[in-house]
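What follows is a short report on a single structure.
There are 2 protein chains.
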Amino acid sequence: MSNKQSTQLKILEAAEQLFADTGFSATSLRQITSLAEVNLASVNYHFGSKKELIQAVLQRYLAVLMPRLDQEFNRLLAAQQPNQLTTVLSVFVEPLLELSAVQPQGTSTFLQLLGRGYTDVQGHLRWFFNHHYGRTLDKFVLLVQQSCPALPPSEIFWRLHFSLGTIVFTMASNVALKDIAAADFNERVEIDGVIKRLIPYLAAGIAAPSAA
Amino acid sequence: MSNKQSTQLKILEAAEQLFADTGFSATSLRQITSLAEVNLASVNYHFGSKKELIQAVLQRYLAVLMPRLDQEFNRLLAAQQPNQLTTVLSVFVEPLLELSAVQPQGTSTFLQLLGRGYTDVQGHLRWFFNHHYGRTLDKFVLLVQQSCPALPPSEIFWRLHFSLGTIVFTMASNVALKDIAAADFNERVEIDGVIKRLIPYLAAGIAAPSAA
DNA sequence: GTACATTTCAAACGTATGTTTAAATTCACT
DNA sequence: AGTGAATTTAAACATACGTTTGAAATGTAC
Numbered sequence: 001m002s003n004k005q006s007t008q009l010k011i012l013e014a015a016e017q018l019f020a021d022t023g024f025s026a027t028s029l030r031q032i033t034s035l036a037e038v039n040l041a042s043v044n045y046h047f048g049s050k051k052e053l054i055q056a057v058l059q060r061y062l063a064v065l066m067p068r069l070d071q072e073f074n075r076l077l078a079a080q081q082p083n084q085l086t087t088v089l090s091v092f093v094e095p096l097l098e099l100s101a102v103q104p105q106g107t108s109t110f111l112q113l114l115g116r117g118y119t120d121v122q123g124h125l126r127w128f129f130n131h132h133y134g135r136t137l138d139k140f141v142l143l144v145q146q147s148c149p150a151l152p153p154s155e156i157f158w159r160l161h162f163s164l165g166t167i168v169f170t171m172a173s174n175v176a177l178k179d180i181a182a183a184d185f186n187e188r189v190e191i192d193g194v195i196k197r198l199i200p201y202l203a204a205g206i207a208a209p210s211a212a
Numbered sequence: 001m002s003n004k005q006s007t008q009l010k011i012l013e014a015a016e017q018l019f020a021d022t023g024f025s026a027t028s029l030r031q032i033t034s035l036a037e038v039n040l041a042s043v044n045y046h047f048g049s050k051k052e053l054i055q056a057v058l059q060r061y062l063a064v065l066m067p068r069l070d071q072e073f074n075r076l077l078a079a080q081q082p083n084q085l086t087t088v089l090s091v092f093v094e095p096l097l098e099l100s101a102v103q104p105q106g107t108s109t110f111l112q113l114l115g116r117g118y119t120d121v122q123g124h125l126r127w128f129f130n131h132h133y134g135r136t137l138d139k140f141v142l143l144v145q146q147s148c149p150a151l152p153p154s155e156i157f158w159r160l161h162f163s164l165g166t167i168v169f170t171m172a173s174n175v176a177l178k179d180i181a182a183a184d185f186n187e188r189v190e191i192d193g194v195i196k197r198l199i200p201y202l203a204a205g206i207a208a209p210s211a212a
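Protein sequences appear in the order of chains B and F. If you read the first sequence in my numbering, its first letter stands for residue 1, the second for the next number, and so on. If you read the second sequence in my numbering, its first letter stands for residue 1, the second for the next number, and so on.
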């Protein structure tokens, strides 16, 4: 059996856990290789640089998620009349939950990584995402516009970014929020519980009447 | 004339600009002192440490904003019947805009700093805020609960954090979003425009009917 | 103008980071 | 078993960071 895949995988899994917990720039290669129980230099050997490791960690999930989402978007776009906004948003639930196939806890980990990606690194990660998956994203924006014909596109632009903020922030503080909820309300909330709480909140916000 | 105030102020203003633009940990003391045109060691001389400088930068705004908010909350709490949720949320607008008294661009800068504070540093800033202004915050939560009597407290907890995410993320990416809006929609959006766009979105999300 | 405290300054310190190097080891294949 | 490529390893490198130091400069008061 080759050690190559094994080492690469050990690095990926240690890295994604630390990245999700404390962010990309706050995590050092020494922490990663120590947790993975591999040599420090192996990150640069297998991935080239820390930046490329970050991309590899994200790509492992995006390569599964985005084609899946693209297919769902195509299905909704084929409908005769505009879809309900809730329907459009709910389309994320299944593909996200299926990320547990990449790794147990995969859904939660990926969403935390997404949050870190938007708040941590400055520009290059947004570019990476738009460059690879901009087409798929455009389909989603179109679906939202179709289900909210009364809203001008610029208003939808702002509200989708508001919503992105909600998601990204919630997922980046996912663990902390779950702990507080458990302590204050005796409430065991799992990741799919958070996702399903988000849907009505986001749908109402996006579809709200424009300001006077 | 004493140079003391002058140097301290130059540091504060350079620091807040860099902190807002690129985050707390991503900003080095050498960048700050270089922009402020003061000696590197003067930060430690005047503020003690980088952590204390961060707190001083935030405190300059919080000391103005929070008593002002507290007074508004008290006013609303004195009302005979529950306030409209939009009324409760709108209470932030004026005090936030008045931060331009601290510095021109003060509103925008402070909101960016707030965003950085929640996504950048891990625990110690949240503790600092809760310890100093937890009482005021509790009044706000109470006001929201009064205006949404149908929602269980745990649901309000989640939705207020969703909303915090929207605000924090929007403000942290404030500049980028304004640029995109300008490019894609020929739209000049100022900070008060963003705030006023936020209100209906947040109000609708918070007051949305609970999931089935 | 002398004495004292405050502030500025250049330089260095200690530590941590991402990356590179070159030798040692392991692996795949004949 | 032996050869050449792939991988692992320990050590060092270059750089950046926050902080400290001690002397120089500046300000303040008598």
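Yeah, the Cβ is synthetic: ideal placement off N, Cα and C, and Gly gets one too.
Tell me whether L76(B) sits in a helix, a strand or coil according to DSSP, three-state version. Three-state DSSP puts L76(B) in a helix.
Exercise for review: Return the CA-CA distance between R116(F) and L18(B), expressed in angstroms with no decimal places.
Suggested key: The straight-line gap from Cα to Cα measures roughly 20 Å.
Between which two residues does the alpha helix (DSSP H) holding N44(F) run?
S42 to F47
Quiz item: Anyone know if the C-beta pair for T166(B) and G165(F) falls short of 8 Å?
Solution: Against a cut-off of 8 Å, the Cβ pair of G165(F) and T166(B) comes out as a contact.
(request) Check each residue of the segment 151 to 173 of chain F: if its Cβ is closer than 8 Å to any Cβ of chain B, include it; give the result in chain order. (result) P153, S154, E155, F157, W158, R159, H161, F162, S163, L164, G165, T166, I167, V168, F169, T170, A172 and S173
> Can a CB atom of chain F be found closer than 8 Å to the CB of L177(B)?
Replying inline: Yes - at least one Cβ of chain F is within 8 Å of the one on L177(B).
In terms of residue numbering, what span does the alpha helix (DSSP H) encompassing P209(B) cover?
No alpha helix (DSSP H) contains P209(B), which DSSP labels as neither H nor E.
**Study point:** N44(F) versus K50(F): straight-line alpha-carbon distance, rounded
**Key:** In a straight line, the C-alpha of N44(F) is about 7 Å away from that of K50(F).
Closest Cβ-Cβ distance between G134(F) and chain B: below 8 Å? For G134(F), the answer is no, since every Cβ of chain B falls outside 8 Å of its Cβ.
inquiry  = If you reduce the DSSP assignment to three classes, tell me which class V64(B) lands in.
reply    = helix
*Below 8 Å between beta carbons: does that hold for L35(F) and A14(F)?*
yes
Using the C-alpha atoms, what's the distance from G23(B) back to L202(B)? 25 Å
Quick one: which residues of the segment 187 to 200 of chain B get their C-beta closer than 9 Å to a C-beta of chain F? List them in chain order. Correct list: E187, V189, V194, K196, R197, L198, I199 and P200.
| request: With a 10 Å radius around its C-beta and 16 neighbouring C-beta atoms as the bar for buried, classify G205(B) as buried or exposed. | output: buried
Margin query: Looking at chain B, is there any beta carbon in it that lies within less than 8 Å of the beta carbon of F265(F)?
Written below: For residue 265(F) there is no data in the structure shown, the boundaries of chain F being 1 and 212.
Exercise for review: Can you have a look at P67(F) and say buried or exposed, based on whether 16 or more other CB atoms are within 10 angstroms of its CB?
Suggested key: exposed
Q) Quick one: Cα of S173(F) to Cα of L69(F), how far? A) 24 Å
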